[in-house]
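One structure below.
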Amino acid sequence: MKLFHYAAPQNFYPLAGRLWPWLALLATVLALAGLWVGFMVAPADAQQGQAYRIIYIHVPVSWMAMVIYLAMALWSVLGLVFNTRLSGLMTRALAPTGALLAFLSLWTGALWGKPMWGTYWVWDARLTSMLILLFLYVGYIALTSAIEDPRRSDRAGALVALVGAVNVPIIYFSVKWWNTLHQGASVSLRQSPRMASVMMTGMLLMSLAIWLYAAAIALWRVRSLMLVRDSHAGWVQQLPEVQAHRLLKGVA
18 MKLFHYAAPQ NFYPLAGRLW PWLALLATVL ALAGLWVGFM VAPADAQQGQ AYRIIYIHVP
78 VSWMAMVIYL AMALWSVLGL VFNTRLSGLM TRALAPTGAL LAFLSLWTGA LWGKPMWGTY
138 WVWDARLTSM LILLFLYVGY IALTSAIEDP RRSDRAGALV ALVGAVNVPI IYFSVKWWNT
198 LHQGASVSLR QSPRMASVMM TGMLLMSLAI WLYAAAIALW RVRSLMLVRD SHAGWVQQLP
258 EVQAHRLLKG VA
């Protein structure tokens, strides 16, 4: 099948190289548009004033931090079931971006919480479960970096990703299951949006921008991981960029 053709690093490497620059460009354009709509066009909120505008960053990065961890869990399942090398590499490539977005979620949430709640942090169910998600990302990165054997490292990381995936629905449903300070979902598939259409437009633009950014960075990073792991493989040695680097080292 064509899909399994790209499961081999030597076939996925050029595909990722073609995709990531375009994804990064689209992410930049959409982010600029989303920030312009959110900070320049959208009106102030009736209750929160100008402070609410941080949601154009906070909500998209929070969504994507959860989505990336679920993507890591999916790649982990594929790796354990089909024993594909690409699965472990993609999981590793996604983790740093997920950790960054989880941190940004907590940071922007703290900045938003100060004027709304009078404090930067409370041990709220939503905040605590998001903090656990950040720890899971950091734990995954630390564990896979500590194990030298790539296969053992991938399997150990896959188990961490799968176990930690239980935390994602807890984050999402925490505002429904417990009495929390954190407000409910801004967007719901079952209900009409709680915000004005222009606010929703800015939110969706930023969400798509963050999604494309995460995809672009993951594809760029997985190419670097492939070069490191398969540095002595024939297909790597034949890459034009590797041959050019070797030539420059020889001249130097």
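In terms of the numbering used here, the sequence shown opens at residue 18 and continues consecutively. Idealized CB from N, CA, C, for every residue including glycine. If you're wondering where the values come from, they're calculated on a predicted model, not measured in any experiment.
Coil, strand or helix - residue i by DSSP
| i | result |
| --- | --- |
| G55 | helix |
| G135 | coil |
| D62 | strand |
| V88 | Before going further, note that residue 88 is Ala rather than Val in the sequence given. Residue state, collapsed to three classes: helix. |
| I74 | helix |
| D166 | coil |
| A68 | helix |
| A182 | coil |
| T45 | helix |
| A213 | coil |
| Y23 | coil |
| N28 | helix |
| T218 | helix |
| T114 | helix |
CB contact below 9 Å: residue i versus chain D
| i | result |
| --- | --- |
| A142 | No chain D is present in this structure, which holds just one protein chain. |
Residue i, enclosing alpha helix (DSSP H) - first and last residue
| i | result |
| --- | --- |
| Q255 | Segment: none, Q255 is in no alpha helix (DSSP H) and carries neither H nor E. |
| S248 | Taken as a continuous stretch (DSSP letters only), S248 belongs to no alpha helix (DSSP H), as it is neither H nor E. |
| T145 | 142-163 |
Buried versus exposed call for residue i [16 or more other C-beta atoms within 10 Å across all chains shown]
| i | result |
| --- | --- |
| M274 | Absent from the structure is residue 274, since the part of the chain shown begins at 18 and ends at 269. |
| D3 | For the chain, the structure presents residues 18 to 269; residue 3 sits outside this window and is missing. |
| A61 | exposed |
| K53 | The amino acid at residue 53 is misidentified as Lys; the sequence shows Trp. Label assigned to W53: exposed. |
| N28 | exposed |
| P132 | exposed |
| S224 | buried |
| P77 | buried |
| G96 | buried |
| P26 | buried |
| V239 | buried |
| H75 | buried |
Of the listed residues the options, nearest to residue i (C-alpha basis)
| i | options | result |
| --- | --- | --- |
| Y86 | T101, I74, G181 | G181 |
| W274 | A173, A235, I71, L236 | Residue coverage of the chain in this structure runs from 18 to 269, which leaves residue 274 outside it and unanswerable. |
| A48 | D247, G251, A88, L222 | L222 |
| P38 | V253, I234, Q254 | I234 |
| L111 | Q255, S241, L256 | S241 |
| H22 | D247, R246, A142, L103 | L103 |
| G66 | W138, W129, Y189 | W129 |
Presumed contact (8 Å Cβ cut-off) between residue i and residue j, rounded CB distance
| i | j | result |
| --- | --- | --- |
| G219 | A68 | That pair is no contact at about 15 Å. |
| L43 | L229 | 5 Å |
| A127 | I158 | 23 Å between Cβ atoms; not a contact. |
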